[in-house]
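Q:
2 protein chains.
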Amino acid sequence: MIETGFGSHGGGQTGNGVPSLSNILKLDPTGSRGKKATGDALSILQAMVAEDMNKVNATILKMMESPVVLIPQLAGHLIASGGKRLRPMLTLAAAQMVRYEGERHCHLAACVEFIHTATLLHDDVVDQSELRRGKDSANTIWGNKPSVLVGDFLFSMAFEIMVADGSLKVLKILSRASSVIAEGEVMQLLTTNNVETTEDAYMDVINAKTAELFAAACEIAPVVAERPAKEERALRSFGKNLGIAFQLIDDALDYSAKEAVFGKTVGDDFREGKITLPIILAYNRGGKAERTFWKRVMEGEHPKDQDLARAMACLNKHNTLSDTVDRARHFGAKARDALALFPGSEAKSALLGIVDFCVNRAY
Amino acid sequence: MIETGFGSHGGGQTGNGVPSLSNILKLDPTGSRGKKATGDALSILQAMVAEDMNKVNATILKMMESPVVLIPQLAGHLIASGGKRLRPMLTLAAAQMVRYEGERHCHLAACVEFIHTATLLHDDVVDQSELRRGKDSANTIWGNKPSVLVGDFLFSMAFEIMVADGSLKVLKILSRASSVIAEGEVMQLLTTNNVETTEDAYMDVINAKTAELFAAACEIAPVVAERPAKEERALRSFGKNLGIAFQLIDDALDYSAKEAVFGKTVGDDFREGKITLPIILAYNRGGKAERTFWKRVMEGEHPKDQDLARAMACLNKHNTLSDTVDRARHFGAKARDALALFPGSEAKSALLGIVDFCVNRAY
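As they're listed, the protein sequences go chains A and B.
Per numbering that gives the first Met the number 0: the first sequence = residues 0 to 362.
Per numbering that gives the first Met the number 0: the second sequence = residues 0 to 362.
(1) Looking only at its own chain, which residues have a Cβ that is under 7 Å from the Cβ of A/K347, when we skip the five neighbours before and after it?
(2) Of the residues B/E50, B/S65, B/L173, which one's Cα is nearest the Cα of B/E107?
(3) How about A/V185: is its C-beta nearer than 8 Å to some C-beta of chain B?
(4) On the CB-based measure, 16 or more other CB atoms within 10 Å of its CB, does B/G343 come out buried or exposed?
(5) Indicate whether B/D51 and B/C105 have their beta-carbon atoms separated by less than 8 Å.
(6) Can you find a CB in chain A that lies within less than 8 Å of the CB of B/H121?
(7) Check this for me: beta carbons of A/T90 and A/I180, under 8 Å apart or not?
(8) Name the two residues that bound the continuous alpha helix (DSSP H) containing B/K144.
(9) Which residue comes first and which comes last in the alpha helix (DSSP H) that contains B/H115?
(10) Is the distance from the Cβ of B/V67 to the Cβ of A/M186 below 8 Å?
(11) Taking the CB atoms as reference points, tell me whether B/V354 and B/L241 lie closer together than 8 Å.
(12) Could you check the C-alpha separation between A/A349 and B/F158 for me, to the nearest Å?
(13) Can you give me the start and stop residues for the alpha helix (DSSP H) that B/T323 sits inside?
(14) What does B/S178 touch in chain A if you count any residue whose Cβ is under 7 Å from its own?
(15) Near A/F213, which residues of its chain fall below 6 Å by C-beta distance, leaving aside the five closest residues on each side in sequence?
(16) Excluding the 5 residues preceding and the 5 following A/R103 in the sequence, name in chain order all residues of the same chain whose CB lies nearer than 7 Å to its CB.
(17) Against chain B, does A/N192 count as a neighbour if the rule is that its beta carbon must be under 8 Å from one of theirs?
(18) Quick check on A/K208: does DSSP put it in helix, strand or coil?
(19) Identify which residue in B/A94, B/G142, B/N192, B/G101 has its Cα closest to the Cα of B/L120.
(20) Are the C-beta of B/R86 and some C-beta of chain A separated by less than 8 Å?
(21) From the DSSP output, in three-state form, read off A/T191 for me.
(22) Is the segment 194-211 of chain B touching the segment 302-320 of chain B in the sense that three or more CB pairs, one from each, lie closer than 8 Å?
(23) Measuring CB to CB, does B/T58 end up less than 8 Å from B/A117?
(24) What does the alpha-carbon distance come out to for the pair B/R226 and A/M156?
(25) For A/E182, which residues in chain B fall below 8 Å Cβ to Cβ?
(26) If the criterion is Cβ atoms closer than 8 Å, does the pair A/V147 and B/V124 meet it?
(27) Flag this pair as yes or no: are the beta carbons of A/E182 and B/S65 separated by less than 8 Å?
(28) Indicate whether B/V149 and B/M88 have their beta-carbon atoms separated by less than 8 Å.
(29) For A/R175, which residues in chain B fall below 7 Å Cβ to Cβ?
(30) Assuming B/L234 is part of the alpha helix (DSSP H), what are its boundary residues?
(31) Whose Cβ in chain B lies nearer than 8 Å to the Cβ of A/L167?
(32) Do B/A92 and B/L44 count as a contact pair if the criterion is CB distance below 8 Å?
(33) When the Cα of B/R435 is compared with those of B/V194, B/D249, B/Y99, B/R360, which residue comes out closest?
(34) Please list, in chain order, the chain A residues whose beta carbon lies closer than 7 Å to that of B/V147.
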């Protein structure tokens, strides 16, 4: 599942008796990489880009205006109640790091958010069988069709902003990202309900559906600042690896996150038959009985509540959540190293901090 | 409903006993504006652009390649089995009329077809209630989600082609068209099931969801040919008015077309609760009993077969199909006049012929 928001998580048990990752991993949430530190990294980034983010918000609100009331209504619901705007924040922070002094990054950060929001809307479209699985997402309020059409509107708006900006290089980066995301979403569809999905296939999916937009969001900053190509490559690599780490943690959190804080229910991916790394590892490491169980619950249509409890037990038995976090750490480390060529600055520190935040929000 | 293909129609009764428009209008289908003449106009246009259309097809096939098998599969189903590619033909013919000699119009014509196909895929997304109404469209083969995601992929491809073409002016025209189409689709959603939709509101919908892409398809030809602004305006106006005429006829045909030839069933719009001009006129002209009938069948969820028969009777009683065709004729005349400033040529004749074809395919 693509996140619809995130927050810092405390340790211990979640509201519905599911242990949090901090508990699973036996980590101290108040330690140096715990709640406080990661929460601070997000606050630092937010404060640093606050002024620019106001401009992003103004662009978003302006573009959402339409005499067709459903458009501002539905888009507003998503954008206003959405997450922390991590992707546009990356564009803004990267622009600061490369000492860009214009305004274009604010408009382009709005594009990034529009593309992300359109993807969310389209990702929420369900087929009849899925409705029966009790999915409860934004589009259940309005139905499939408005979600699709308003998503299209946001997507078109993103392109209109880019065209107005006038850089073919930026257009190329973001139109390529859009294609890759769409391809990734279709790929994910083909892995859904298939417990024999390989880790490599899963990595291809998250590379495309999540990491590509993180990469593009970061890459466009040195482009508008007309910095050398090596800085474009570095920031692209930073975004790409950060995005992979982010999605890995997101997929682990689906089996541990606090409902109220995280804005989604534990086991959403499980109920949707979505195959993520924790499941792939558990299936590979499990014996015959476990594999039969995974096949039944992931490939069938009606997993039950007790199935989720057994699934959680399997995931923990094989340490698949902590190993998913370890995989994420690897990509987090690559992201940090990608920034090596930039001199120290407040913006660079904030970007490094956000890597820790993304990896450590699991605790 | 947006058309998924069209053909020439004979007179008399259609296969399921529904009278064709030629019968309703008491016109001779073999007359000067009948089947033969309109069929010829289409053949003439097709022959004229055949060579360029091969290049368009090559671009389409190349862009649809993806290791994600569902993408070429689903897109191929739609594109290969699709209509006569009227929209890209307009780009090609307009380019010939303005004596453009490069290759760019072929790539951009492929963009136009991608945008159209993406719109078709997204237009086919249904909600649960609609599934119950017995809709049988492309997406029922694969489900909603693949239709949405492959549509997104095609849409992104369109932008990638435009970016590769490199004209910001073309990008502006087509990204604006995409936004307008999306807005029009949302607008249409808000008029669905509402029999009190005004003729003006209906015109706004078809202007946006259909005519805008016709206009853009024609307008980009003089842009790539670097012709004066007045030719851009003229071709835009031609496309706009042709598109309106085309959609008006399409909406009339929904109540008369031969299933086998037209590729859709009679009364599709009726069953979907889609409010089109024939219904709007019949509601306005009807007495209290008729209005009650329309409210029940269009605003409720389960129109029955005998409801369609009564609806057809009401439409005929008030001549709303022939009056819809008359409205279309008005826009067809405007389209023809928009081409006045271009000197006579084979391409101009073909474009004028296609106006007649679009209006007269109703017979």
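Note that CB positions come from ideal geometry on N, CA and C, so glycine has one too.
A: According to the data block:
(1) Cβ within range, chain order: M96, L338, F341.
(2) Checking the displayed sequence, the identity of residue 107 of chain B turns out to be Leu instead of Glu. Checked all of B/E50, B/S65, B/L173; the closest Cα to B/L107 is B/L173.
(3) yes
(4) A residue is called buried once 16 or more other Cβ atoms fall within 10 Å of its Cβ, and B/G343, having fewer, is exposed.
(5) yes
(6) At least one chain A Cβ lies under 8 Å of B/H121.
(7) no
(8) Where B/K144 is concerned, the enclosing alpha helix (DSSP H) stretches over 143-164.
(9) 103-122
(10) yes
(11) yes
(12) 33 Å
(13) 319-337
(14) F152, S155, M156, E159
(15) Excluding residues within five positions, the ones whose Cβ falls inside 6 Å are G238, L241, G242.
(16) D164, V223
(17) Residue contact check for A/N192 against chain B: no CB pair falls below 8 Å.
(18) helix
(19) Of the candidates B/A94, B/G142, B/N192, B/G101, the one whose C-alpha sits nearest the C-alpha of B/L120 is B/G142.
(20) no
(21) coil
(22) no
(23) no
(24) 28 Å
(25) S65, V67, I70, F152
(26) yes
(27) yes
(28) no
(29) E159
(30) 228-252
(31) V162, G165, L167
(32) yes
(33) With chain B covering only 0 through 362, there is no way to say anything about residue 435 of chain B.
(34) H121, V124, V147
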